[in-house]
Structures are given as structure tokens and as C-alpha cells.
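Undergrad: Just passing along the structure, written as C-alpha cells.
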Amino acid sequence: MSGPSTGATDAPPAIGAHAHGGGINGATFREGATVDHAANGFNPSETLRDFDWGTTSTRPDGRTLREWEVVARDQEIEVAPGVTFPGWTFNGRVPGPTLRCREGDRLRIRFVNASAHPHTMHFHGIHPAQMDGIPMVGRGTIAPGEDFVYEFDAEPFGLHLYHCHVGPLAEHIARGMYGTFIIDPARSRPKADEMVMVQHGWNTTFDGQGNQLYAVNGIPFHYMNEPIRVKRGELVRIYLVNVLEYDPINSFHVHGNFFDYYPTGTRLEPSEYTDTIVQGQGQRGICELRFPHPGRYMFHAHKTEFADLGWMGFFEVVD
Numbered sequence: 006m007s008g009p010s011t012g013a014t015d016a017p018p019a020i021g022a023h024a025h026g027g028g029i030n031g032a033t034f035r036e037g038a039t040v041d042h043a044a045n046g047f048n049p050s051e052t053l054r055d056f057d058w059g060t061t062s063t064r065p066d067g068r069t070l071r072e073w074e075v076v077a078r079d080q081e082i083e084v085a086p087g088v089t090f091p092g093w094t095f096n097g098r099v100p101g102p103t104l105r106c107r108e109g110d111r112l113r114i115r116f117v118n119a120s121a122h123p124h125t126m127h128f129h130g131i132h133p134a135q136m137d138g139i140p141m142v143g144r145g146t147i148a149p150g151e152d153f154v155y156e157f158d159a160e161p162f163g164l165h166l167y168h169c170h171v172g173p174l175a176e177h178i179a180r181g182m183y184g185t186f187i188i189d190p191a192r193s194r195p196k197a198d199e200m201v202m203v204q205h206g207w208n209t210t211f212d213g214q215g216n217q218l219y220a221v222n223g224i225p226f227h228y229m230n231e232p233i234r235v236k237r238g239e240l241v242r243i244y245l246v247n248v249l250e251y252d253p254i255n256s257f258h259v260h261g262n263f264f265d266y267y268p269t270g271t272r273l274e275p276s277e278y279t280d281t282i283v284q285g286q287g288q289r290g291i292c293e294l295r296f297p298h299p300g301r302y303m304f305h306a307h308k309t310e311f312a313d314l315g316w317m318g319f320f321e322v323v324d
């Protein structure tokens, strides 16, 4: 299997230096250094609050039919300055689009495989076996050039995810085949500044032993360079998902504040009030908080190696 291509001969050593604690001051991520978002085809500052509600129509029974088209594409992604990675994507971005609907909607997702590799879309939630998006069940694997329509009811409400389920599964996840799937409850949650954070890593050496970079929403250190602006006193709702491959756990910690945590988002009452939460792969939850004071507040994985290698950012709280 080929490794990542680089734009400079010293890029691979810089990645290696990070693995030994180079952190944000390392050669690859000079202070303020970033990647070419236009060439990548996505910008984490834009995808953060980008919810895809699909197109809707009304069925004869009065229910809402919600439809999307999702395309699997192979795509080179600049994951660090001068370092490109041969990614596999949904709709040309990592993570894939945030699909959002309401409890009880009928969902129809046309999946088109424009990749050179076999893929599926496996949704977490409740649905018939033939819509599970796994090999050997129903339609099974979708070959390159083929398409399939997944159709099922939106249940249960909560924060879910979707991902490719073709083996080797670790490779398909590590290359970027995942996204967020939100089902809003019939009883709406309070109005808030909503955003999605998907935790993951980049294994640039393809050795299957671990990641050299860690990120939220695609690009390491992105929200250090472009802090997330929120208003003082406004309710902030974070849909937090962990899809990290090759490491057993991940975590989320916010400075100077605490948040209410709703595991999987399937209940309307929080389970705890904390400043740090731990998630295994596939776990997710909703964090709600308000910032009482203006200023810049860091958030990061509370595993220092992950933070040093890209999983950190800032909230910029303004009046």
C-alpha cells in the first residue's frame, strides 16, 4: 500500500518529530501554519455548523420524506502543511456531511460509489437488517460504479453516526469514511448555538500501529488558528462523536467551564455535569454549556499526546 505524498522532503521527519512530543511548536505545524482548505474541498470552520437537512416532501400518510445523495470519493487531503493523505470520503470531505432529520421522518439515502474501492453506508440507529449497510446482508457491499438506496424510519432520536463497514474496517475508518447522523426529538431541544465535533486521527505511515496526527473535524490544530466564536451567556450545544481508530479511547476537556453531558443524546436530561468526558470508538454525546465570561478558552483531548499532535483548539467568547 502506498504511503502519503508530501510537498517537501522534510515533511515525513516532521511528522515523526510530532510523535515524540513536537506538538504545536514542531516543524510541521509552525505557529499559525495551516493547510489549503480550498484544495481540500472543505474547511472545518464551515463544516462545524453545517447541517444537511436533505430535501423534503410529504408522503400520502402525512409524514415527511427526507432524501439525500451521498457519494463516496477518493480524495487527496492535505492533513498538515505540505503533507497529503490519500483519503476515502463521503461527499469529498472528512468527516462526511452531517445528516440531520426529525424523529419519525422517513429517510431515503441514495449512496453512489464513485470510489475505486468497495464501500457501504452503515447507520447507527434502528432499521431493518437489509438496510444495515454491511457485507453479506441485504445488498451488502456496493462495488465501484454502483449505487444503492438506503431507506428507513428515523429512530431513536439522538446523536448517531454513519460509516463504511467494509473490511478491512480499520482502514476504511482511518481513511475518513464516517460522518454524523442527528435525529432531533419530536419535542425540540432548547435553542442553542449548535456545532459538531468529530474526533479522529491520521495514520500517515499506514502501519496500523497508531496515529501520527489527531484532529477534530479533519485538520489538526485548526481551531487554534481559527478559534470558534461564541457569545457570552448563550447556550452552546456540541454534538461530540469519537471515531478514532488505532487508539482505545479519546476524551474532551474544556477550560474554565463545566458542561451538561447527554450520552448518545437519547434522553432529554443530562447524566452528569463535568469538564471532561471519555469516549470509546463509536461513542458520542451532547455537551451543553454557557460561557459566563468573555475571553479565549482552550478545549482539547485530555490525553496530552493527542493534544500535542493536533487535538486542541480555542473558543473565543465575545459579548
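Using the numbering used here, the first residue of the sequence shown is number 6, and each one after it goes up by one. Here a beta-carbon is modelled for each residue, glycine too, at the ideal position from N, C-alpha and C.
For Gly172, which of His258, Pro299, Pro123 and Leu112 has the nearest alpha-carbon?
TA: Of all alpha-carbon atoms in His258, Pro299, Pro123 and Leu112, the one lying nearest the alpha-carbon of Gly172 is that of Pro123.
Undergrad: I'd like to confirm the pairing. Which residues does DSSP put opposite Ile82 in its beta bridges?
TA: Phe90
Undergrad: Run through DSSP, which three-state label would His124 get?
TA: strand
Undergrad: If you draw a straight line from the alpha carbon of Ile187 to that of Ile291, how long is it in whole angstroms?
TA: 11 Å
Undergrad: From which residue to which residue does the alpha helix (DSSP H) around Thr103 run?
TA: Segment Thr103 to Arg107 is the beta strand (DSSP E) holding Thr103; no alpha helix (DSSP H) there.
Undergrad: Alpha carbon to alpha carbon, how far is Asp324 from Lys236?
TA: 6 Å
Undergrad: Which residues share a DSSP beta bridge with Ser62?
TA: Note: Ser62 is bridge-paired with Leu70 in the DSSP secondary-structure output.
Undergrad: For Ala134, I'd like the list of residues in its chain whose CB is within less than 8 Å of its CB, leaving aside the five on either flank, ordered along the chain.
TA: Val142 and Gly143
Undergrad: Are there 16 or more other CB atoms within 10 angstroms of the CB of Tyr278, so buried, or fewer, so exposed?
TA: So Tyr278 counts as exposed.
Undergrad: What residue ranges within the segment 266-305 form continuous beta strand (DSSP E) runs of no fewer than 3 residues, ordered along the chain?
TA: 277-279, 281-285, 289-294 and 300-305
Undergrad: From Gly27 to Ala220, what distance separates their C-alpha atoms?
TA: Unreliable positioning characterises Gly27 in this predicted model, as indicated by a pLDDT of 36, which lies under 50. A coordinate reading is not provided.
Undergrad: Thinking just about the alpha-carbon of each residue, which of Gly181, Pro102 and Ile131 is nearest to the one in Pro161?
TA: Ile131
Undergrad: Answer yes or no: do Gly270 and Gly163 have a C-beta to C-beta separation smaller than 7 Å?
TA: yes
Undergrad: Between the beta-carbon of Ala179 and the beta-carbon of Glu250, is there less than 7 Å?
TA: yes
Undergrad: Report the CB separation of Met229 from His260 in whole angstroms; it is logged as a contact under 8 Å.
TA: Not a contact, Cβ separation roughly 13 Å.
Undergrad: Suppose the cutoff is 7 Å on Cβ atoms and the five residues either side in sequence are ignored; what does the same chain contact list for Asn118 look like?
TA: Ala77, His124, Ile147, Ala148, Pro149, Gly150, Glu151 and Asp152
Undergrad: Within 10 angstroms of its Cβ, does Gln80 collect 16 or more other Cβ (buried), or is it exposed?
TA: buried
Undergrad: Is the Cβ-Cβ distance between Phe56 and Arg105 less than 7 Å?
TA: yes
Undergrad: For Tyr251, name the three-state secondary structure that DSSP assigns.
TA: coil
Undergrad: Could you round the C-beta distance between Asp252 and Gly215 to whole angstroms and report it? I think they count as a contact, below 8 Å.
TA: 7 Å
Undergrad: Is Ala121 buried or exposed, if buried means 16 or more other CB atoms sit within 10 Å of its CB?
TA: exposed
Undergrad: Assuming Met97 and Gly46 are in contact, meaning their beta carbons sit under 8 Å apart, how far apart are those beta carbons, in whole angstroms?
TA: Here the sequence assigns Gly to residue 97, which means Met is not the residue at that position. The pair is a contact, with the Cβ atoms about 5 Å apart (cut-off 8 Å).
Undergrad: What residue range does the alpha helix (DSSP H) around Leu53 cover?
TA: From DSSP, Leu53 is part of no alpha helix (DSSP H); its letter is neither H nor E.
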